[in-house]
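Chains as they are written, first to last, in the numbering used here: chain A, 1 to 222; chain B, 223 to 444. By construction, the Cβ of each residue, glycine as well, lies at the ideal position given by its N, Cα and C atoms. Predicted, not measured: the structure shown is a model, and the values here were computed from it.
Protein chains: 2
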Amino acid sequence: MSRIRTVLVDDHRVVQTALRSYLESFPDIEVVGAAVSGEEALEKLEGWLPDVVVMDLRMPGGMDGIEATRRVRALSPHSQVVVLTADTDDARVVAALRAGAIGYVRKDSDPEVFLTAVRGAARGQSVLDPAVAGSVLQDLLRGGPLVEELSEREKDVLRQLAHGRTNREIAQALHVSEETVKTHVGNILSKLQLSHRTQAVVYALKQGLVSLEDIEMEGRGG
Amino acid sequence: MSRIRTVLVDDHRVVQTALRSYLESFPDIEVVGAAVSGEEALEKLEGWLPDVVVMDLRMPGGMDGIEATRRVRALSPHSQVVVLTADTDDARVVAALRAGAIGYVRKDSDPEVFLTAVRGAARGQSVLDPAVAGSVLQDLLRGGPLVEELSEREKDVLRQLAHGRTNREIAQALHVSEETVKTHVGNILSKLQLSHRTQAVVYALKQGLVSLEDIEMEGRGG
DNA sequence: CCGGGGCTCCCCCGTTCGGGGGAAGAAAAA
DNA sequence: TTTTTCTTCCCCCGAACGGGGGAGCCCCGG
Numbered sequence: 001m002s003r004i005r006t007v008l009v010d011d012h013r014v015v016q017t018a019l020r021s022y023l024e025s026f027p028d029i030e031v032v033g034a035a036v037s038g039e040e041a042l043e044k045l046e047g048w049l050p051d052v053v054v055m056d057l058r059m060p061g062g063m064d065g066i067e068a069t070r071r072v073r074a075l076s077p078h079s080q081v082v083v084l085t086a087d088t089d090d091a092r093v094v095a096a097l098r099a100g101a102i103g104y105v106r107k108d109s110d111p112e113v114f115l116t117a118v119r120g121a122a123r124g125q126s127v128l129d130p131a132v133a134g135s136v137l138q139d140l141l142r143g144g145p146l147v148e149e150l151s152e153r154e155k156d157v158l159r160q161l162a163h164g165r166t167n168r169e170i171a172q173a174l175h176v177s178e179e180t181v182k183t184h185v186g187n188i189l190s191k192l193q194l195s196h197r198t199q200a201v202v203y204a205l206k207q208g209l210v211s212l213e214d215i216e217m218e219g220r221g222g
Numbered sequence: 223m224s225r226i227r228t229v230l231v232d233d234h235r236v237v238q239t240a241l242r243s244y245l246e247s248f249p250d251i252e253v254v255g256a257a258v259s260g261e262e263a264l265e266k267l268e269g270w271l272p273d274v275v276v277m278d279l280r281m282p283g284g285m286d287g288i289e290a291t292r293r294v295r296a297l298s299p300h301s302q303v304v305v306l307t308a309d310t311d312d313a314r315v316v317a318a319l320r321a322g323a324i325g326y327v328r329k330d331s332d333p334e335v336f337l338t339a340v341r342g343a344a345r346g347q348s349v350l351d352p353a354v355a356g357s358v359l360q361d362l363l364r365g366g367p368l369v370e371e372l373s374e375r376e377k378d379v380l381r382q383l384a385h386g387r388t389n390r391e392i393a394q395a396l397h398v399s400e401e402t403v404k405t406h407v408g409n410i411l412s413k414l415q416l417s418h419r420t421q422a423v424v425y426a427l428k429q430g431l432v433s434l435e436d437i438e439m440e441g442r443g444g
């Protein structure tokens, strides 16, 4: 039986290299490629022909791990995606599974779980980290992430909200009237079933719509 | 010359195991121990007698990597601490260096940088990730993180803010009047030189005062 | 063709925020 | 000791916010 062709997608190159070293210490696993972004992974995917793609959810740049998972599955249905992430947030895990991931392992899990997930994925078996499988399934049952219900414009406004801007500032940034922004904010809160913009910001961050690192603090010296 | 005695402190056990595999592939490095928390590392430190402690900043539990670094240095001055973290936020890096770390490497750096930092630390040399060394130095010059200027009570309020609560809700949670909360919020914004509570929330998250994972979304159907 | 959704803008209204001021007690620092 | 800081609470006021309504425009799908 041939070795499991594995690809690593993680923007943390130190971690990526370490994972490669770890996985290759097992004779049944072969690391045939690695990428630091979803874009890079997709470019090279057809050249690698992997059985398993180990995907980090949290990545900088335009494409996050969820979107990357979706496209990997579309481009190469044979390749199974195992999500390996530090994320403890159920919402994003659920989104990843919806996007076509077959396995999910947290970085703080026992390494044996990770190995099992990779080997399982190669056989088409789903291995979910037991630490969160329960709550994730609950999430799946009770409906998907509400962000996806947001229109593009509403996501724009939500991103602006996450920068701590007022309606007026958002109006200027997006070149619309303050009234329009009010409408969007109202619709966002309504769709997300929240009541304050502060909650919307936390929600945006949890969903990965914006990254904390992307936010330059305004209005302070420094 | 004997091998560099190294200890890994990272709550991500998958990553920790992978790093061990990676480091041990080099003949001059020996991994003599590993811990998933600052507490565990300190307990076993004197048994390990490491030359280098590789420390992740972001860890759950009572002690974070910064406090752990401080105590490692106090308990075993021979052991040099290299911070290895996904954190892209300067503030916490500066805090870690203040706490006595000699090296700092981001997880998305070139693995070579990490190796250099470990080997340098063993010789007492400081290796700072060039990707951020500049901005970190600026931070050091312009003074420490503003959070430290906040009183305990103000941090309590800031944590509440991060949950998207209104002044009234915070008042109930902390068992004080709404007026008191208003005072605290005002002082927080003033001290942090911000103008909206939403910005304060982002600030709290960036500083690690609260973790995104700690925040249970309220006010939505779930 | 007509309906629905998205984007834009406007009105009104009550609530929440943020900033200004002051004040009292307790605890810690000078 | 005096002084400062922290914590608590109160006042007033203007600005910002959230919810409700309506309206016109465009585009896509039935």
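> According to DSSP, what are the bridge partners of VAL305 of chain B?
Replying inline: On the second sequence, residue 305 of chain B is found 83 positions in, with the first residue counted as 1. VAL305 of chain B has B:MET277 and B:TYR326 as its beta-bridge partners, per DSSP.
>> Assuming ILE29 of chain A is part of the beta strand (DSSP E), what are its boundary residues?
In response: Translated into positions along the first sequence, residue 29 of chain A becomes position 29. Note, ILE29 of chain A: beta strand (DSSP E), 29–35.
>> Cβ closer than 8 angstroms: which chain B residues qualify as neighbours of LYS107 of chain A?
In response: Here the question's residue 107 of chain A lines up with position 107 in the first sequence. By Cβ distance, chain B contributes HIS234, ARG235, VAL236 and VAL237.
>> Once DSSP output is grouped into helix, strand and coil, what is the label at THR388 of chain B?
In response: Taking the first residue of the second sequence as 1, we reach residue 388 of chain B at position 166. In this structure, THR388 of chain B counts as coil in the three-state DSSP scheme.
> Roughly how many angstroms lie between the CA atoms of VAL407 of chain B and LYS428 of chain B, to the nearest whole one?
Replying inline: Position 185 of the second sequence, counting from 1, holds the residue named residue 407 of chain B. Position 206 of the second sequence, counting from 1, holds the residue named residue 428 of chain B. So the two alpha carbons sit approximately 18 angstroms from each other.
>> For VAL9 of chain A, list the residues DSSP reports as bridge partners.
In response: Counting from one through the first sequence, the residue named residue 9 of chain A turns up at place 9. A:ALA35 and A:MET55, per the DSSP bridge assignment.
> Along chain A, which residues have their Cβ under 7 angstroms away from the Cβ of GLY408 of chain B?
Replying inline: Taking the first residue of the second sequence as position 1, residue 408 of chain B is located at position 186. Result: empty, since nearest Cβ-Cβ is about 15 angstroms, beyond 7 angstroms.
> Which of helix, strand or coil does DSSP assign to LEU115 of chain A?
Replying inline: Stepping through the first sequence from its first residue, residue 115 of chain A is reached at position 115. Residue state, collapsed to three classes: helix.
> GLN238 of chain B by DSSP, collapsed to three states: which one?
Replying inline: On the second sequence, residue 238 of chain B is found 16 positions in, with the first residue counted as 1. GLN238 of chain B: helix per DSSP, three-state reduction.
> Given a threshold of 16 other Cβ atoms within 10 Å of its Cβ, counted over all protein chains shown, does ALA121 of chain A qualify as buried or as exposed?
Replying inline: Along the first sequence, one-based indexing puts residue 121 of chain A at 121. Buried, since its Cβ has 16 or more Cβ neighbours within 10 Å.
>> Count Cβ pairs between the stretch 5–24 of chain A and the stretch 333–342 of chain B that sit closer than 8 angstroms; are there 3 or more?
In response: They touch, by the three-pair rule.
> For ASP232 of chain B, which option in B:VAL276, B:GLU252, B:GLN394 and B:GLU246 has the closest C-alpha, if you only look at C-alpha atoms?
Replying inline: The sequence position of residue 232 of chain B within the second sequence is 10, counting from 1. Among B:VAL276, B:GLU252, B:GLN394 and B:GLU246, the Cα nearest to that of ASP232 of chain B belongs to B:VAL276.
> So, does the CB of ARG419 of chain B fall closer than 8 angstroms to a CB anywhere in chain A?
Replying inline: Here residue 419 of chain B is taken as the residue at index 197 of the second sequence, counted from 1. Chain A, which has a Cβ nearer than 8 angstroms to the Cβ of ARG419 of chain B, makes this yes.
>> What residue range does the alpha helix (DSSP H) around ARG292 of chain B cover?
In response: Counted from its first residue, the second sequence places residue 292 of chain B at position 70. Residues 287–297.
> Using a beta-carbon distance below 8 angstroms, is GLY386 of chain B in contact with chain A?
Replying inline: Within the second sequence, residue 386 of chain B is the residue found at index 164, counting from 1. Closer than 8 angstroms: yes.
> Any Cβ of chain A within less than 8 angstroms of the Cβ of ASP332 of chain B?
Replying inline: Position 110 of the second sequence holds residue 332 of chain B. Interface residue (Cβ-Cβ distance to chain A less than 8 angstroms): ASP332 of chain B is classified as such.
> Taking the continuous alpha helix (DSSP H) assigned at ARG153 of chain A, which residues delimit it?
Replying inline: Working through the first sequence from its first residue, we reach residue 153 of chain A at position 153. Segment 152–161, the alpha helix (DSSP H) holding ARG153 of chain A.
>> Restricting to Cα atoms, I'd like to know which of A:ASP129, A:LEU161 and A:HIS196 is closest to HIS214 of chain B.
In response: Here chain B comprises residues numbered 223 to 444, so residue 214 of chain B is not present and cannot be evaluated.
> If you run the structure through DSSP and keep just helix, strand and coil, what is LEU128 of chain A?
Replying inline: On the first sequence, position 128 is the one that residue 128 of chain A refers to. Three-state DSSP puts LEU128 of chain A in a strand.
> How long is the line joining the alpha carbons of GLU401 of chain B and ASP156 of chain A, rounded to whole angstroms?
Replying inline: Walking along the second sequence from the start, residue 401 of chain B turns up at place 179. Walking along the first sequence from the start, residue 156 of chain A turns up at place 156. The alpha-carbon atoms of GLU401 of chain B and ASP156 of chain A are separated by roughly 35 angstroms.
> How is ILE410 of chain B classed by DSSP in three states: helix, strand or coil?
Replying inline: For the purposes of this step, residue 410 of chain B is taken as residue 188 along the second sequence, with counting starting at 1. Looking at ILE410 of chain B - three-state DSSP - the assignment turns out to be helix.
> If the cut is a Cβ gap below 8 angstroms, which residues of chain A does LEU383 of chain B touch?
Replying inline: Locating residue 383 of chain B in the second sequence gives position 161, where the first residue counts as 1. The answer, in chain order, is THR198.
> Any beta-carbon of chain A closer than 8 angstroms to the one on LYS428 of chain B?
Replying inline: Taking the first residue of the second sequence as 1, we reach residue 428 of chain B at position 206. True, the Cβ-Cβ gap to chain A drops below 8 angstroms.
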